[in-house]
Amino acid sequence: MPPTRQMGFFTSWLILVFPMLLSMTIAAAHPLYLSFLLLMPTALVLRYPKMEMGTPLPSSQPASPAAQIRMPAGAFLREGGSEGKLKARLPPLPALTTYRAHMMLMTVLAILAVDFPVFPRSLAKCETFGMDLGVGSFVFSQGIVSAIPLVKDASYLQSAFLPKLLKVTRKSLPIIALGLVRVLLIKGTEYPEHVTEYGVHWNFFVTLALLPVLQVFLHPLLVRLPISMVGVLVGIVQQVALSHPRTSLVSANKEGLVSLLGYLSIQLLGLSAGTLILPPSPSYFRRQAVSEADWTSPRQLDKTATELCAYAILWWSLLGLARLARVDGRWSRGKVNVSYILWIAAFNDSFILLYLVILDLWIFGRATPPTSSEARHHKRKMSDLRSKAAEAEGSGTTAAAYFGLSTAANDARQVQTRRDVGNPPVLLEVMNRYGLVVFLLANVLTGLINLTMSTMYMSDGAAMLVLSVYSLICCAVPWVWSRWMTDRIAKVKYS
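Following the numbering used here, the numbering of the sequence shown begins with 1060 at its first residue and continues without gaps.
Written out as structure tokens, the structure reads:
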């Protein structure tokens, strides 16, 4: 079977995006038929012999500078690292990339498709109660990637509060600005909106911008308590709101304000999941708090899957208990109550577990694992790389010195490459990497389409045409942008 990474853009869209669009529009009432139609060509493709994916033998010829330069020399080091310690670069995880890309694609498709009659009303957002997954999963996914600085640096939670808060706030300012612009545009154009969802002036962009800032305030607590426990406690704290009349600016936006704490709880549970699945082993984050852990170790995917499964079972069990005890009535996306929080955590942990088992352990995990001698050789090479990184930083790394450093890095990664042989399709990678940009673009296009077309009275054929072009644009922008950025970086490096 040809590698998926060699697919062109339109082929990638046709295989990865168009079936998803069909599943929520004209084929929504016939999922079995759609699955059968997709499985038929898949079965035919699988009959072709697979291409070899073994480890290539090291070449006896010296690598060219163009092949060696993959990142600036300083990228190997911690910022300001006087001890010459390597900066942690987390190994790729196809399951996480695919999960985040699929979640983004479903969100992008649904926010416009819901305005057409071809979209079944049974799949639309619930007004008050229901199992809506979109925004909750978006926040959970944001929580997973917010674990990156914690995993890279064990002292991040204990670092100076004010500089950390200012840095996070600066990153959130563009999203806050977009939220304010959205309010002005909606009020100015009288675009229809649901006041019961976030309130009169609040919107999801404001929520997304404030969550990382609020998370920083909880860092002192996260040092002392398990992250998952703090997430549950925050969810319990916000359980009692939405009972006061709208008599002020605060009460007029009570849905957004109250749900903010609920979304913070979801983000913390996502953060907890991120500390399990991002590093090489699920115990990496816990061990790092006590002593330095080796981030260059091969991934222990079986242990990660086991621990993630345990958390999924825990959240499903707590959700069942909450339903039996009638703790908070029904799950509500508007209130983001405890039942909704547990539902989002259980669902997303379960789906990431399935992606992990199917992609990383089954499809991409069939390569021969490294032997013990190869593992020892790998560890020795990484030790040499640390020494070279320290020398390079102390003497001021030139391009020539970096070539030797890059060669050592590539040599040391060969054993790990035997295990991490798989990569998701390029389209899914760029959708994951530029997710926020795609989300903003989709919102702008959705507004423009609704202002220029009578979407609620459009035929199914015309609606599918509009949705197809819309999805092509949403996928083409990050695809082209990624290619342009890659070419630009290459020109800068080689100039």
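Each residue gets a CB set at the ideal place from its N, CA and C atoms; glycine is no exception.
By how many angstroms is the C-alpha of residue j removed from the C-alpha of residue i?
i, j, result
"Ala1332", "Asp1387", "25 Å"
"Leu1281", "Ile1400", "19 Å"
"Pro1285", "Ser1205", "16 Å"
"Leu1182", "Val1173", "8 Å"
"Lys1226", "Ile1235", "15 Å"
"Val1242", "Phe1095", "44 Å"
"Gln1274", "Thr1334", "15 Å"
"Val1397", "Arg1345", "26 Å"
"Arg1389", "Ala1549", "54 Å"
"Phe1178", "Ala1219", "49 Å"
"Leu1171", "Thr1511", "13 Å"
"Met1517", "Ala1088", "19 Å"
"Val1525", "Asp1191", "25 Å"
"Tyr1529", "Leu1504", "8 Å"
"Val1416", "Thr1365", "10 Å"
"His1278", "Met1288", "13 Å"
"Arg1492", "Trp1538", "10 Å"
"Asp1519", "Pro1176", "7 Å"
"Ser1082", "Lys1223", "43 Å"
"Val1497", "Leu1093", "27 Å"
"Asn1509", "Ser1527", "15 Å"
"Leu1103", "Leu1097", "11 Å"
"Pro1078", "Arg1283", "46 Å"
"Tyr1322", "Arg1106", "46 Å"
"Arg1392", "Asn1407", "15 Å"
"Ala1193", "Val1395", "Residue identity check: residue 1193 is Gly in the sequence provided, not Ala. Using only the alpha carbons, I get a separation of about 13 Å."
"Val1265", "Met1515", "28 Å"
"Phe1069", "Ser1541", "16 Å"
"Leu1495", "Ala1521", "28 Å"
"Pro1100", "Tyr1158", "23 Å"
According to DSSP, is residue i part of a helix, a strand, or is it coil?
i, result
"Arg1346", "helix"
"Gln1359", "coil"
"Lys1394", "coil"
"Pro1339", "coil"
"Tyr1493", "coil"
"Asp1387", "coil"
"Phe1068", "helix"
"Arg1382", "helix"
"Pro1208", "helix"
"Val1177", "coil"
"Ile1532", "helix"
"Leu1507", "helix"
"Thr1084", "coil"
"Ala1183", "coil"
"Met1288", "helix"
"Leu1224", "helix"
"Trp1540", "helix"
"Ser1218", "coil"
"Arg1106", "coil"
"Pro1484", "coil"
"Pro1151", "coil"
"Met1517", "coil"
"Val1076", "coil"
"Ala1405", "helix"
"His1161", "helix"
"Met1099", "helix"
"Ala1459", "At Ala1459, the pLDDT of 39 sits below 50, so the modelled position is not reliable; the number obtained from the coordinates is stated separately. DSSP places Ala1459 in helix when its eight states are reduced to three."
"His1089", "coil"
"Asn1262", "coil"
"Pro1213", "Rather than Pro, the amino acid found at residue 1213 in this sequence is Ala. Three-state DSSP puts Ala1213 in coil, outside helix and strand."
"Asp1546", "helix"
"Asp1419", "helix"
"Leu1373", "helix"
State the CB to CB distance for the pair residue i and residue j, rounded to an integer number of angstroms; the pair is presumed to be in contact (CB under 8 Å).
i, j, result
"Trp1402", "Leu1380", "Going by Cβ atoms, the distance from Trp1402 to Leu1380 rounds to 13 Å, so no, they are not a contact pair."
"Leu1360", "Leu1412", "No, Leu1360 and Leu1412 are not in contact; Cβ-Cβ is about 11 Å, not under 8 Å."
"Gln1326", "Gly1202", "4 Å"
"Ser1318", "Gly1290", "No, Ser1318 and Gly1290 are not in contact; Cβ-Cβ is about 15 Å, not under 8 Å."
"Ala1384", "Ser1409", "In fact, because the Cβ distance is near 22 Å, the residues do not count as touching under 8 Å."
"Leu1328", "Phe1199", "7 Å"
"Ala1160", "Met1544", "The Cβ separation is near 18 Å, so there is no contact."
"Ser1228", "Met1523", "The sequence given here places Thr at residue 1228; Ser does not occur at that position. No, Thr1228 and Met1523 are not in contact; Cβ-Cβ is about 43 Å, not under 8 Å."
"Leu1499", "Leu1075", "In fact, because the Cβ distance is near 21 Å, the residues do not count as touching under 8 Å."
"Leu1080", "Leu1168", "5 Å"
"Ser1071", "Pro1484", "6 Å"
Give a yes or no on whether the minimum CB-CB distance between residue i and chain B is below 8 Å.
i, result
"Val1289", "Note that chain B does not occur in the displayed structure, where there is just one protein chain."
So is the beta-carbon of residue i under 7 Å away from any non-hydrogen atom of the ligand FAD?
i, result
"Ala1521", "Looking for the ligand FAD in the displayed structure turns up nothing, as the structure carries no ligands at all."
Touch check for the segment 1212-1219 and the segment 1332-1341: three-plus C-beta pairs under 8 Å? no
Inspect the CB distances between the segment 1529-1538 and the segment 1156-1175 and report whether three or more fall short of 8 Å. yes
Are the segment 1149-1159 and the segment 1415-1422 touching by the rule of at least three beta carbon pairs closer than 8 Å? Yes, since at least three Cβ pairs between the segment 1149-1159 and the segment 1415-1422 fall closer than 8 Å, the two stretches touch.
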